[in-house]
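A short worksheet on the structure shown next.
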């Protein structure tokens with residue numbers, strides 16, 4: 021077990037727990053998690069009651085922003101991997117190496133701009149109010165209708181494969197005198213515990229290395245040309261299968277999410293009908309609104325899920341700072357906060373706030 025990359029409970033041979041005893045270390049970790057959760061919930065209640073938006077959302081955005089700032093500082097000033105360090109080394113290819121070191125920052129900016137642009141893409145369905153003749157409204161269906169929920173659930177499922185790794189470590193599946201388990205899931209021990217290193221299940225796990233690792237993009241591209249030890253699967257094939265698997269899971273979870281949270285066409289049509297809204301030119305009937313919504317919501321759900329899956333995997337494969345999921349979360353949170361500030365007329369009360377946000 022590790023917190024922040026620091027091993028607390030050693031699982032490799034010869035490793036020692038942080039406090040000399042596994043029991044003491046477990047108690048410390050449990051108390052730390054409990055205290056952190058209590059503080060987080062308290063601060064969330066304070067922000068929700070006296071501030072704007074959700075406190076937990078702000079903490080997530082702040083955490084991702086901090087990781088981006090820290091990563092940027094390392095990319096610029098690290099003596100070995102940083103751009104300035106490579107320029108100071110005075111090598112013949114110092115400028116190309118410095119530009120290569122800044123690629124993760126460039127990809128981070130690209131992902132941010134793409135997410136911000138897509139946040140504004142939507143289909144607006146015209147609506148009218150039965151009790152207020154002549155008063156029209158619109159029901160917006162954004163491309164990211166299900167937000168980043170699909171990629172969060174899909175990433176959590178794929179990361180849980182590491183739990184299977186701990187279960188499968190040093191286990192066998194012998195059939196006819198041959199152990200087939202390594203072909204399904206091959207687990208190797210590391211200083212931080214067992215990790216999946218080969219097998220069919222390895223194909224749908226995230227890559228074990230990134231451009232932010234030691235060696236940067238040069239070492240990253242070299243590792244992509246290598247193969248796994250048992251099945252001989254090229255790592256670039258692993259990357260492609262991972263992207264496809266993550267995208268398919270995002271679509272599945274996106275469909276599941278709208279059906280279980282009242283965001284499907286039927287549920288939304290009933291909500292609009294209870295609010296006294298109807299589609300202009302049609303009688304007030306939730307079935308009519310449902311048919312109109314069925315033309316958009318299922319298709320947009322699939323397209324939005326594919327988009328977040330591809331964008332998150334692209335960000336992870338290119339080494340974007342803050343991870344793809346983190347960037348999606350942060351942009352969504354900041355966009356929602358901007359809408360909340362506008363809805364509560366905070367920009368009219370504090371004109372300088374509008375200048376700051378713009």
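Residue numbers (this note's numbering): 21 to 378. Don't be surprised by glycine CBs; every beta carbon is placed ideally from N, CA and C.
- For residue 142, the secondary structure class from DSSP, reduced to helix, strand or coil, is strand.
- Approximately 17 Å separates the beta-carbon atoms of residue 282 and residue 170; this is outside 8 Å, ruling out the contact.
- Per the C-alpha coordinates, the member of 276, 306, 301 positioned closest to residue 294 is 306.
- Taking every protein chain shown into account, the CB of residue 222 has 16 or more other CB atoms within 10 angstroms, so this residue is buried.
- For the pair of segments examined, the region 120–136 was found not to touch the region 270–287: the number of CB pairs separated by less than 8 Å stays below three.
- The Cβ-Cβ distance between residue 168 and residue 349 falls below 7 Å.
- The residue among 200, 162, 347, 252 with its C-alpha nearest the C-alpha of residue 86 is 347.
- Note on geometry: alpha-carbon atoms of residue 104 and residue 240 lie some 20 Å from one another.
- For residue 156, the secondary structure class from DSSP, reduced to helix, strand or coil, is strand.
- Taking 3 residues as the shortest admissible run, the region 167–194 contains no complete beta strand (DSSP E) segment at all.
- Looking at the DSSP output, residue 254 sits in a beta bridge with 247.
- In the same chain as residue 253, and ignoring 5 residues on each side of it, the C-beta atoms closer than 8 Å to its own belong to 218, 222, 223, 247, in chain order.
- Residue 199 counts as exposed, since fewer than 16 other beta carbons sit within 10 angstroms of its beta carbon.
- Taken atom to atom, the span from the alpha-carbon of residue 139 to that of residue 119 is near 30 Å.
- Beta-carbon to beta-carbon, residue 216 and residue 182 are separated by about 7 Å, close enough to satisfy the 8 Å threshold.
- Within the model, the alpha-carbon separation for residue 91 versus residue 345 is close to 16 Å.
- For residue 58, the uninterrupted alpha helix (DSSP H) segment begins and ends at 42–70.
- Under the DSSP assignment, residue 165 falls outside any alpha helix (DSSP H); it carries neither an H nor an E label.
- Excluding sequence positions up to five before and after residue 80, its CB lies within less than 6 Å of the CB of 349, all in the same chain and listed in chain order.
- For residue 343, the three-state secondary structure derived from DSSP is coil.
- With 16 or more other Cβ atoms inside 10 Å of its own Cβ, residue 188 counts as buried.
- The residues 171, 344, 345, in chain order, have a CB closer than 6 Å to that of residue 332 in the same chain once the five nearest residues on each side in sequence are set aside.
- The residue among 76, 262, 220, 159 with its C-alpha nearest the C-alpha of residue 292 is 159.
- Within the DSSP bridge table, the entry for residue 216 names 207 as partners.
- The shortest CA-to-CA distance from residue 323 to any of 156, 42, 197, 267 is the one to 267.
- Excluding residues up to 5 positions away in sequence, 204 lie with their Cβ nearer than 6 Å to the Cβ of residue 220 in the same chain.
- Secondary structure at residue 198: strand, using DSSP grouped into helix, strand and coil.
- Going by beta carbons, residue 114 and residue 107 fall inside the 7 Å limit.
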